[in-house]
Amino acid sequence: MTLSKKTNASVLLGTVAIVVLSTLIICATKPGSRSLFRRSLREVTALEYYSSADYKPEYQYKSVDGTSIGSGFSFVHSPEEQAASEMNEELQKLVIINSKVASGSMRQRNDVKCVFDLNNVEECLALLLRRVPPPISHRWTFMGDSQMGKMWDLNNKRSQDTIYHRFYREPQEFCSMCEARSHNSRCNVHDVFGWELRDPWEWSDTKVEGPLGIGRNTPGCADQSGHGYQLLECYIDGETGRPCEVPVASFYPIEFARDVELQTPQFRTTQQNIAHWMTTEHVPKYGRSVCVMGAMYHDIRIGDADGSEPNEATFISNLRDFFRLLQPSCAHIIWITPNAPDTENYPQKTPLVRRWNDLVEGMIRTEFSDVIRGENGVPVPFATIIDHFEASINGPHEDNAHMTRDYASKVANLLVELIQRKANERKGVIEGGGGDVVVEAVL
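Numbering of the sequence shown is given in my numbering, commencing with residue 1470 and proceeding in unit increments.
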């Protein structure tokens, strides 16, 4: 009897040990698992950093119907892990967005989007004034591809009638102390931040991310050239660190929704590194800035290497992650649609660009129209669209991908007017209506 009991006990303990060990192995090898075994073998990504106990987000996403759809950030793994673990979720989200596009309901609502009119900017200006908060410390962040770069400086840095001159050059004359960082080369882009290159360098997976050309073949280089990083910080004096009370703008040449042109030992993608830089370097000093951004034409070329068709699901997934990364550092995102192409001789064809514009609008309406910040639970606007696609179809083109300088200046002037109006609002004064009206500045 004693031997039998000992035998049964041994068998029982052995069975329990096998079950426990099997469970640990399954957890350790399951894609997307939070197991300590897997986490010890992987680097921490920016999205994981913002989801960890070290960073506590103070917002929730708010959909257009007013319901909360979650808070914090999703996790990003390798391209293979991400594709496998998120495919069903992405397809479901795309179905929802597609239903909005197909129903035409988006075009009947202008609460988050204005349709740009070359001859009348009042509708766009009114919407932007209503939705965009005046940024703390008057900080504006521009980011995007060469189309955005042209709106930034009109490809003419000598002109005084540009966003670049008014909000990058002039503040350096008005403010007592300014630190300007400029890097106009397509290579050695890490230098502007003083960052080290990732070692070993990781080549882009051209099925899901950029770069695709020289940026893929040469570590530390970008595909596009002509517009570099132009970062500006200005103070009244260096001792107090008080910011100068004039609008200040910076430009980040980010040409994809996701790319690995700017890799560091800490983070793999450009978007992760820039978001982390803005959140840890800028927000503590100046608060959140208003972010003005746009990109798409380079993303359409993803998949070209193996003859694949442009993948709208990949683009929306990448752009969604970028929006989430920017949430801690951007008080508001102004999304500027890409313009229509001049010809149909390249992958960026008019029907495809229109289709992707609709999908981006659906994503913004469904997931980023408003957010809840702080503890009071009050939703505030987070993303607004300036749609100049239709205006650009018959507009003057400089080449297949870019509008003329005169056309680009029309969109740029709208943003200049917005920045100037918001500077006055931030100071507590709105001009018009027969006199100045004192208002409480929005933080």
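Glycine included, every Cβ here is placed at the ideal spot set by N, Cα and C.
**Study point:** Buried or exposed by the 16-neighbour rule on C-beta atoms within 10 Å, applied to residue 1863
**Key:** Reading the sequence shown from its first residue, position 394 is the one you call residue 1863. It counts as exposed.
Check your understanding: Are the beta-carbon atoms of residue 1693 and residue 1724 separated by less than 8 angstroms?
Key -> Position 224 of the sequence shown, counted from the start, is the residue given in the question as residue 1693. Position 255 of the sequence shown, counted from the start, is the residue given in the question as residue 1724. In contact: residue 1693 and residue 1724 (Cβ atoms closer than 8 angstroms).
**Study point:** the segment 1857-1877 touching the segment 1801-1813, judged by at least three CB pairs closer than 8 angstroms
**Key:** yes
Point to revise | residue 1648 (DSSP reduced to helix, strand or coil) | key: What you label residue 1648 is simply residue 179 of the sequence shown in a count that begins at 1. Strand, per DSSP.
Review point. Using a beta-carbon distance below 8 angstroms, is residue 1767 in contact with chain C?
Key: Annotation note: the requested chain C is absent from the structure, which comprises a single protein chain.
Check your understanding: Quick one: what does DSSP say residue 1699 is sitting in, helix, strand or coil?
Key -> Mapped onto the sequence shown, residue 1699 falls at position 230. DSSP places residue 1699 in strand when its eight states are reduced to three.
Check your understanding: For residue 1584, which residues does DSSP report across the bridge?
Key -> Numbered from its first residue, the sequence shown carries residue 1584 at position 115. Bridge partners of residue 1584: 1856.
Exercise for review: Inspect the beta-carbon positions of residue 1646 and residue 1763 and report whether they are closer than 8 angstroms.
Suggested key: For the purposes of this step, residue 1646 is taken as the residue at position 177 of the sequence shown. For the purposes of this step, residue 1763 is taken as the residue at position 294 of the sequence shown. Contact flag unset, no.
Practice item. For residue 1831, name the three-state secondary structure that DSSP assigns. Key: Mapped onto the sequence shown, residue 1831 falls at position 362. Correct three-state label for residue 1831: helix.
Check your understanding: For residue 1638, does the three-state DSSP call read helix, strand or coil?
Key -> Position 169 of the sequence shown, counting from 1, holds the residue named residue 1638. Three-state result, residue 1638: helix.
Point to revise | For residue 1771, the three-state DSSP class (helix, strand or coil) | key: In the sequence shown, residue 1771 corresponds to position 302, counting from 1. Correct three-state label for residue 1771: coil.
Point to revise | CA-to-CA distance, residue 1773 to residue 1894, given in whole angstroms | key: As a first step, residue 1894 is located in the sequence shown; it is residue number 425 there, counting from the start. As a first step, residue 1773 is located in the sequence shown; it is residue number 304 there, counting from the start. Their Cα atoms are separated by approximately 47 angstroms.
Exercise for review: State the Cα-Cα distance for the pair residue 1685 and residue 1677, rounded to the nearest angstrom.
Suggested key: Here residue 1685 corresponds to residue number 216 of the sequence shown, with the count starting at 1. Here residue 1677 corresponds to residue number 208 of the sequence shown, with the count starting at 1. Residue 1685 and residue 1677: Cα-Cα distance of roughly 13 angstroms.
Check your understanding: On the three-pair Cβ rule with 8 angstroms, is the segment 1711-1722 touching the segment 1588-1608?
Key -> yes
Check your understanding: Counting Cβ pairs closer than 8 angstroms, one from the segment 1582-1592 and one from the segment 1728-1745, do we hit at least three?
Key -> no
**Study point:** 8 angstroms Cβ cutoff met for residue 1651 and residue 1695
**Key:** Here residue 1651 is taken as the residue at index 182 of the sequence shown, counted from 1. Here residue 1695 is taken as the residue at index 226 of the sequence shown, counted from 1. No, they are not a contact pair.
Check your understanding: Got a sec, what are the start and stop residues for the beta strand (DSSP E) residue 1609 sits in?
Key -> Walking along the sequence shown from the start, residue 1609 turns up at place 140. Element bounds for residue 1609: 1608-1613.
Review point. So, residue 1837 versus residue 1792, is the Cβ gap smaller than 8 angstroms?
Key: Position 368 of the sequence shown holds residue 1837. Position 323 of the sequence shown holds residue 1792. Yes, Cβ-Cβ distance for residue 1837 and residue 1792 is below 8 angstroms.
Exercise for review: Take residue 1641 and list the residues in its own chain whose beta-carbon comes closer than 8 angstroms to its own, dropping the five residues that flank it on each side.
Suggested key: If you number the sequence shown from 1, residue 1641 lands on position 172. For residue 1641, where only same-chain residues beyond five positions count, the Cβ hits under 8 angstroms are 1647, 1649, 1701, 1703.
Exercise for review: Report the rounded CA-to-CA distance for residue 1826 versus residue 1638, giving the unit in angstroms.
Suggested key: Start at 1 with the first residue of the sequence shown, and residue 1826 comes out as number 357. Start at 1 with the first residue of the sequence shown, and residue 1638 comes out as number 169. Going from the Cα of residue 1826 to the Cα of residue 1638 covers about 33 angstroms.
Review point. Cβ atoms of residue 1705 and residue 1761: under 8 angstroms apart, would you say?
Key: On the sequence shown, position 292 is the one that residue 1761 refers to. On the sequence shown, position 236 is the one that residue 1705 refers to. No, the Cβ-Cβ distance between residue 1761 and residue 1705 is not below 8 angstroms.
**Study point:** Secondary structure, beta strand (DSSP E): runs of 3+ residues fully inside the segment 1662-1739
**Key:** 1698-1704, 1717-1721
Practice item. If I'm right that residue 1720 touches residue 1699 with Cβ under 8 angstroms, what's the distance once you round it to whole angstroms? Key: As a first step, residue 1720 must be located in the sequence shown, where it is residue number 251. As a first step, residue 1699 must be located in the sequence shown, where it is residue number 230. Contact check for residue 1720 and residue 1699: beta-carbon distance about 5 angstroms, within the 8 angstroms limit, so the pair qualifies.
**Study point:** CA-to-CA distance, residue 1759 to residue 1610, given in whole angstroms
**Key:** For the purposes of this step, residue 1610 is identified with residue 141 of the sequence shown, where counting begins at 1. For the purposes of this step, residue 1759 is identified with residue 290 of the sequence shown, where counting begins at 1. Taking the straight line joining both Cα atoms gives about 6 angstroms.
Review point. With C-beta atoms as the reference, is residue 1884 less than 8 angstroms away from residue 1632?
Key: Numbered from 1 along the sequence shown, position 415 holds the residue referred to as residue 1884. Numbered from 1 along the sequence shown, position 163 holds the residue referred to as residue 1632. Yes. Within cutoff.
Check your understanding: In the DSSP assignment, what are the bridge partners of residue 1761?
Key -> Residue numbering aside, residue 1761 sits at position 292 when the sequence shown is read from its first letter. In the DSSP output, where bridge partners are listed per residue, residue 1761 has 1611, 1803.
Review point. What did DSSP end up calling residue 1871 once you bin it into helix, strand or coil?
Key: Indexing the sequence shown from 1 puts residue 1871 at position 402. Residue 1871: coil per DSSP, three-state reduction.
Review point. Going by DSSP, what residues sit across from residue 1656 in a beta bridge?
Key: Along the sequence shown, one-based indexing puts residue 1656 at 187. Per DSSP, 1690.
Exercise for review: Give the straight-line distance between the Cα atoms of residue 1644 and residue 1717, rounded to the nearest whole angstrom.
Suggested key: Taking the sequence shown and counting its residues from 1, one reaches residue 1644 at position 175. Taking the sequence shown and counting its residues from 1, one reaches residue 1717 at position 248. Cα to Cα, the separation comes out at about 10 angstroms.
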